[in-house]
Amino acid sequence: MNSILFLILRRLRRPLILIIVCFSIAILGLSLMPGVDNNGQPWRLSIFESFYLISYTATTIGFGEIPYPYSQAQRLWLTFSIYLTVIPWFYAIGKIITLLQDSALRQAITTERFARAVAELKEPFYILCSYGESASVLAKTLDEKGMRVVVIESQQERLNELDLAETRSVIPHLCADAKLPENLIRAGVHHPFCSGVVTLTDNDEVNLAVAVAVKLMNPNLPVLARAERDDIAANMASFGTDHIINPYTLFGEQLAMRVHAIGTYILHEWLTDVPGDTLLPPENPPRGRWVVCGYGRFGKSVVQNLERENITTTIVEATPELTGCDNCIVGSGTEARTLLEADITNAVGIVAGTDNDINNLSIVMTAYELNPKLFVVIRKNRRHNDTLFKQFNADITMQPTEIIAHECLAHMIAPLLAQFLTLVRTQSNSWANQLISELVSVVGETVPERWAISIQESTTPAITELLKQGVPVSLHNLTQDPVERSKALNLVPLLLLRDNVPMLVPPIATGLRIGDQILFCGTPDARSGLNISVNNIKALTYVIDGIEVPDSLAWRWFKGFLSRK
Amino acid sequence: MNLEKVIFGFFIVLAMTLNFGFFLGDIDNAHHHHVYELYAAIIVSLIATVLKFGDRTHVGAILLSTSLAADIQLIAAAILWAALDGKMDQASLTVYIVSLSGGALMANFVSVILLISETIGQRR
């Protein structure tokens, strides 16, 4: 705020000096002009009276000739004064108004406000260094979960969207270049409550610059960055970027997962989706020969992963020399001739993976006419084409923004979840199917909440207190309802981390120890129920022994008295 | 040589000298203190204040604050003069006004000292 005040003062220097000089001349002259009072005696206005008169004249208020009618000399000087003072006065007012509309000043004010809003945050928050499609999904989900978010975005139009969006808590946002370290500092890189920086712009260089800047300024801060080019990703990794997200690689891996382990894939999707959504059971992609249209970063990742699953592919590419594809059919795939050349009628699946939505739709429509049994994978680049894609209803619609958002959520909401998912990938498909059926029986068909608790004095006072007293607390106790202990809460412990050793789906009888970290998934009700047991020693004792600990001192004494007898 | 610096120094020194000129004389003798001299001191002091606006350095901030201190006392003297003229005896009113201007003189004096010390510190 200080700097803004100085900015205003500096700009107003010239008009203010002009006003002072003009006023002083006018006042001085007026006090020297000879006049005559009602009795015909010579009389002159005092300096104070002159000041009063010039003040009301210059501001065009004009009270008239007081206290006596003026002499010709006074009127002459006053006429001169009017022109001398009124013009600078309006000049100054005009200058002030221009200054208030000045874009530099406004920018300074909004920047200052943003920095203050961030500095005043009293709870953990994430910095989003863009507000594109994936970042807006991310911001919305985090906000719904009650986590605070701060946004820096270089395009004002996107921020206007954020302005209009209904959010639970205020999202401070600034229209600025996230690459500049000063903007990152304003966004709270040094803030004690900052829990991470997420940079998801579609420009790899920007993401790299942000990741490097953050790691240099605050090396302990987790950074999630999007990178599509391998060299950029390697560069980020060398700077210690915690999570590098490449939507194309991720999708390729997921597609491969779908081909060979559909159960693992469903589990993965289910646990990273937005809580409350219902998930449709996905179809299993068929084995056989696939036609891949577009051999860009997306196409390459798909082909690579399909080939790892021993699926042969035929590549259709419009500019093979640009994409480095040696063995492919030249053409865009939008016309039937190219697709026939790729022997579409005998293929089992088609991947439309160019970076143009309309071309992708055209490819699959043409292919579908030639071979209606095809399994269709389509890449969607822009979210506003949603309606068109819904109309077509492909078997798999790949949308980079959603993949990125899911991946980020997995890392941000529950860091244990990312670890869990990595472990899941090493498990067999049947194991995953079994876990899914167990989860569905407990939490229902909708996407559950995921959360982690760590057994510590500050987060779970009731458990630590009982453990210190020597009372064993098991995982089973945490799944009991603190209102009615015979009932079970709708939650499942997914992972237990003890001394950095993960235990996948720990048995319910496992005893807890201080320092354990547990990942749960379950309904929102179960989450609040668990919150009661871990914080309230009375509730936890009831859950363990079925004994209601009395609240009042008198009743407690009475109980003790009874039990001694 | 820089015209801006000349004007800046001129107004700061002029503010002090005018103030001193008004202050000079018997403290209770109205004839020793002319109203136009106070008027000139106020105007020059105001201009000096505005000239100091917008300097973000530490010395700049102190210079501005000394000027504001001088302005306040000079304007207070002028208000007393305008409000109480003819309502109380001339001698005691003059004492009020002149002592206020004496306070302003101190502030202006500090301002000039700061200006000199900064100039010496420049070593060019």
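Chains U and F, in that order, give the protein sequences. For the first sequence, counting from 1, position 456 maps to 459 in the working numbering; every step adds exactly one. For the second sequence, counting from 1, position 97 maps to 99 in the working numbering; every step adds exactly one. Using N, Cα and C, we set each Cβ at its ideal position, and we do this for glycine too.
Contact set between residue i and chain F, taken where Cβ atoms lie within less than 9 angstroms
i	result
I7/U	Under the 9 angstroms cutoff, chain F gives no residues; its nearest Cβ is about 12 angstroms from I7/U.
F51/U	A80, I81, W83, A84, A85, D87
Contact list for residue i against chain F, beta-carbon separation under 8 angstroms
i	result
R16/U	V52, L53, F55, G56
I23/U	I45, L48, I49, V52
Three-state secondary structure assigned by DSSP to residue i
i	result
T82/U	helix
Y134/U	coil
Q483/U	strand
V8/F	helix
Y94/U	helix
Y59/U	helix
P505/U	strand
S365/U	helix
I112/U	helix
C524/U	strand
F26/U	helix
G56/F	coil
H33/F	helix
E156/U	strand
M401/U	strand
V173/U	coil
Pairwise C-alpha distance: residue j and residue i
i	j	result
R382/U	Q402/U	6 angstroms
I517/U	R161/U	46 angstroms
A72/F	I44/F	9 angstroms
P37/U	H35/F	22 angstroms
V15/F	R189/U	42 angstroms
I366/U	W293/U	14 angstroms
A103/F	D28/F	Before going on, a small fix: residue 103/F reads as Ser here, not Ala. Looking at the two C-alpha atoms, the distance is approximately 13 angstroms.
D180/U	I155/U	7 angstroms
A355/U	V445/U	38 angstroms
A567/U	L492/U	A small fix is needed here, since residue 567/U is Arg in this sequence, not Ala. Going from the Cα of R567/U to the Cα of L492/U covers about 35 angstroms.
R16/U	A236/U	52 angstroms
A321/U	Q307/U	19 angstroms
R428/U	L556/U	54 angstroms
V262/U	Y251/U	17 angstroms
E324/U	L187/U	40 angstroms
L470/U	L494/U	22 angstroms
L227/U	N384/U	21 angstroms
K98/U	Y98/F	39 angstroms
L33/U	D30/F	28 angstroms
V537/U	V192/U	32 angstroms
A542/U	P222/U	41 angstroms
F378/U	E208/U	36 angstroms
A138/U	Q430/U	31 angstroms
C328/U	L270/U	35 angstroms
G123/F	V8/F	17 angstroms
E405/U	V140/U	8 angstroms
K376/U	N313/U	21 angstroms
R311/U	T281/U	31 angstroms
V24/U	I49/F	8 angstroms
R151/U	S461/U	21 angstroms
Beta carbon proximity, residue i to chain U, threshold 8 angstroms
i	result
L127/F	In the structure as shown, chain F starts at 3 and stops at 126, and residue 127/F therefore has no counterpart that could be examined.
Contact list for residue i against chain F, beta-carbon separation under 7 angstroms
i	result
S27/U	I45
Minimum Cβ-Cβ distance from residue i to chain F less than 8 angstroms
i	result
I96/U	no
I20/U	yes
R13/U	yes
L31/U	yes
Contacts around residue i, its chain only, beta-carbon distance under 8 angstroms, and the 5 residues preceding and following it disregarded
i	result
Y94/U	P18, L21
V46/F	F13, L16, A17, L20
I7/U	L108, A111, I112, E115
I76/U	Correcting the residue type first, residue 76/U is Ala in the shown sequence and not Ile. The answer, listed in chain order, is M36, P37, G38.
R530/U	E452, W454, L494, F523
Cutoff 6 angstroms; reference residue i; Cβ partners in own chain excluding five residues on either side
i	result
D245/U	P225, V226
G105/F	Q75
* Contacting positions in the segment 31 to 45 of chain F - beta carbon closer than 7 angstroms to chain C -> No chain C appears in the structure shown, which is made up of the protein chains U and F.
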